[in-house]
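If you're matching positions, the sequence shown starts at 2 in the numbering used here and goes up one per residue.
Cβ coordinates follow ideal geometry from the N, Cα and C atoms, glycine included.
To start, the structure under review is shown below, and the notes come after it.
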Amino acid sequence: MRTMNYYAIKGIMRDFGARRSVKKTTDSAVVGIVTAILLIGLVVLVLSIVQTVYVPQIMEQREAEHMDMVALQFAFLTSVIDNQA
Numbered sequence: 002m003r004t005m006n007y008y009a010i011k012g013i014m015r016d017f018g019a020r021r022s023v024k025k026t027t028d029s030a031v032v033g034i035v036t037a038i039l040l041i042g043l044v045v046l047v048l049s050i051v052q053t054v055y056v057p058q059i060m061e062q063r064e065a066e067h068m069d070m071v072a073l074q075f076a077f078l079t080s081v082i083d084n085q086a
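Written out as structure tokens, the structure reads:
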């Protein structure tokens, strides 16, 4: 009876199509997905804070400037109408 070493057995198994089951871990793929989700969440959070805090302040300032400009235009229109009469 002939004894076989590990490499001989491995070669025979490869010849017959038998494969050793290797458990592949997908932790690196999961880390990428989790990172992407966290970054998207951070971007959404920053945009929502800007939208709820800073945009109303900016719009209030622009509205006040527009109101002053319209008041000046009405005053000019009134003076032009008075000069016509």
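In the DSSP annotation of this structure, the continuous segment of the alpha helix (DSSP H) that includes residue 56 starts and ends at 56 to 85. Annotation: residue 71 to residue 36 spans about 50 Å, alpha carbon to alpha carbon. Residue 44 and residue 64 have their alpha carbons spaced roughly 28 Å apart. Sequence-distant partners of residue 30 (beyond 5 residues in either direction) whose C-beta falls short of 6 Å from its own C-beta are missing from its chain.
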